[in-house]
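Numbering (the numbering used here), first residue to last: 999 to 1266.
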């Protein structure tokens, strides 16, 4: 994978996990980095390592992706580095539960971060890319946004929304030289559950077990996503299990729906 020279990237959720992996991959290519997170300690750790790895110009900014004023501050921080030609909308949380039972508060919580946060990012940095006639946008969705497994309704809604807005922007911005990619991984080690809601301890332990067992690491997902967006692919699906179920759903929709119904009984 070749990262274009002169890349200046904004990355949200850069204080840990996948966001940190993106920062490190881009730092190795001597990209300029504008890193945002709500965790100052985690952000500082990423900043220090990115500089050690070779990032040419690195700034950090506390950023709550649900707040437009924080996006404005991130935009101002980016001016210190140069024109942004890569945006990675990575910040996100996990919220599970039966869709008819989960609280409105939890629904608003996950939608504000996972969906509105991505849309705010695209609307903050996308117009300048369009006007310059070049750029790349990576939106972190999930295989859940393609497959909509039962028991994860709140999360599914937001990630399906991210897939939808990414596909729409891919179509709308392609003629202006801007590539948009939705990234749809399954389980890998990350801190997405740390601030999540709607899962009991048993469910959380099960998901954590799946993440630990995954052979795919955050760096693998980041590299797959970067390769996809630089090649103009609207989707990045790095795991084989997700690819298989996605093909099954599109090819045999009734069969997949029956399978999902059986899974729903196990998720309660």
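Note that the Cβ used here is the ideal one computed from N, Cα and C, for glycine as well.
*Skipping 5 residues on each side, what residues in its chain have a beta carbon closer than 8 Å to that of residue 1253?*
Within the chain shown, the letter at position 255 stands for residue 1253. Only 1246 meet the Cβ criterion.
*For residue 1069, I'd like the list of residues in its chain whose CB is within less than 8 Å of its CB, leaving aside the five on either flank, ordered along the chain.*
Walking along the chain shown from the start, residue 1069 turns up at place 71. Taken in chain order, the residues that qualify are 1061, 1063, 1118, 1119 and 1122.
*asked:* Suppose the cutoff is 7 Å on Cβ atoms and the five residues either side in sequence are ignored; what does the same chain contact list for residue 1049 look like?
replied: Taking the chain shown and counting its residues from 1, one reaches residue 1049 at position 51. Here the set comprises 1056.
*Name the DSSP bridge partner or partners of residue 1153?*
In the chain shown, residue 1153 corresponds to position 155, counting from 1. Bridge partners of residue 1153: none, in fact.
*What is the DSSP secondary structure of residue 1098, reduced to helix, strand or coil?*
Along the chain shown, read from residue 1 onward, the residue named residue 1098 stands at position 100. The answer is coil: DSSP assigns residue 1098 none of H, G, I, E or B.
_Coarse secondary structure for residue 1007, derived from DSSP in three states_ = Here the question's residue 1007 lines up with position 9 in the chain shown. Three-state result, residue 1007: strand.
*Are residue 1094 and residue 1149 close, meaning C-beta to C-beta below 8 Å?*
The count along the chain shown starts at 1 and reaches residue 1094 at position 96. The count along the chain shown starts at 1 and reaches residue 1149 at position 151. Yes, these two residues count as a Cβ contact at 8 Å.
_Three-way DSSP call (helix, strand, coil) for residue 1204 in this model_ = To locate residue 1204, count along the chain shown from 1; it is residue 206. For residue 1204, the pLDDT reaches just 46, beneath the cut-off of 50, and the residue's location in the model is therefore unreliable, although a value from the coordinates is still provided. Three-state result, residue 1204: helix.
*Rounded to a whole number of angstroms, what is the C-alpha to C-alpha distance between residue 1021 and residue 1179?*
In the chain shown, residue 1021 corresponds to position 23, counting from 1. In the chain shown, residue 1179 corresponds to position 181, counting from 1. Cα-Cα distance, rounded: 17 Å.
*Buried or exposed: residue 1127, going by 16 or more other Cβ atoms within 10 Å of its Cβ?*
For this step, residue 1127 is matched to residue 129 along the chain shown. It is buried - the Cβ of residue 1127 has at least 16 other Cβ atoms within 10 Å.
*Can you list, in chain order, the stretches of the alpha helix (DSSP H) that have 4 or more residues and sit fully within the region 1006-1063?*
1015-1026 and 1038-1051
*Run the CB neighbour count on residue 1005, radius 10 Å, all protein chains shown included, and call it buried at 16 or more, exposed below.*
In the chain shown, the residue the question calls residue 1005 occupies position 7. Buried, because 16 or more other Cβ atoms sit within 10 Å of the Cβ of residue 1005.
*So, residue 1223 versus residue 1136, is the Cβ gap smaller than 8 Å?*
Here residue 1223 refers to the residue found at position 225 of the chain shown. Here residue 1136 refers to the residue found at position 138 of the chain shown. Contact check for residue 1223 against residue 1136 passes: the beta carbons are separated by less than 8 Å.
*Where do the ends of the beta strand (DSSP E) carrying residue 1180 lie?*
The residue you call residue 1180 lines up with position 182 of the chain shown. Residue 1180 -> beta strand (DSSP E) spans 1176-1181.
*Do you know offhand how far residue 1104's Cα is from residue 1172's?*
Position 106 of the chain shown, counting from 1, holds the residue named residue 1104. Position 174 of the chain shown, counting from 1, holds the residue named residue 1172. Near 35 Å, if we compare the C-alpha coordinates of residue 1172 and residue 1104.
*asked:* DSSP three-state label for residue 1088, please.
replied: Position 90 of the chain shown, counting from 1, holds the residue named residue 1088. Three-state DSSP puts residue 1088 in coil, outside helix and strand.
*Mark residue 1260 as exposed unless 16 or more other C-beta atoms lie within 10 angstroms of its C-beta, in which case mark it buried.*
Walking along the chain shown from the start, residue 1260 turns up at place 262. When all chains shown are included, residue 1260 counts as exposed.
*Just the Cα atoms here: how many angstroms apart are residue 1146 and residue 1158?*
Counting from 1 along the chain shown, the entry for residue 1146 is found at position 148. Counting from 1 along the chain shown, the entry for residue 1158 is found at position 160. Each residue's Cα considered, the two are about 8 Å apart.
*Counting only the same chain and skipping the five closest in sequence on each side, list residues whose C-beta sits under 6 Å from that of residue 1116.*
Your numbering for residue 1116 matches position 118 in the chain shown. Closer than 6 Å at the Cβ level, and outside the excluded window around residue 1116, lie 1087, 1137 and 1160.
*According to the neighbour-count rule (16 or more other Cβ atoms, all chains shown, within 10 Å of its Cβ), is residue 1035 buried or exposed?*
For the purposes of this step, residue 1035 is taken as residue 37 along the chain shown, with counting starting at 1. Classification of residue 1035: buried, given that the 10 Å Cβ count is 16 or more.
*Secondary structure at residue 1112, three-state DSSP: helix, strand or coil?*
Taking the first residue of the chain shown as 1, we reach residue 1112 at position 114. Here residue 1112 sits in helix by DSSP.
*Among 1099, 1175, 1239 and 1090, nearest to residue 1109 - alpha-carbon criterion*: Translated into positions along the chain shown, residue 1109 becomes position 111. Among 1099, 1175, 1239 and 1090, the Cα nearest to that of residue 1109 is on 1090.
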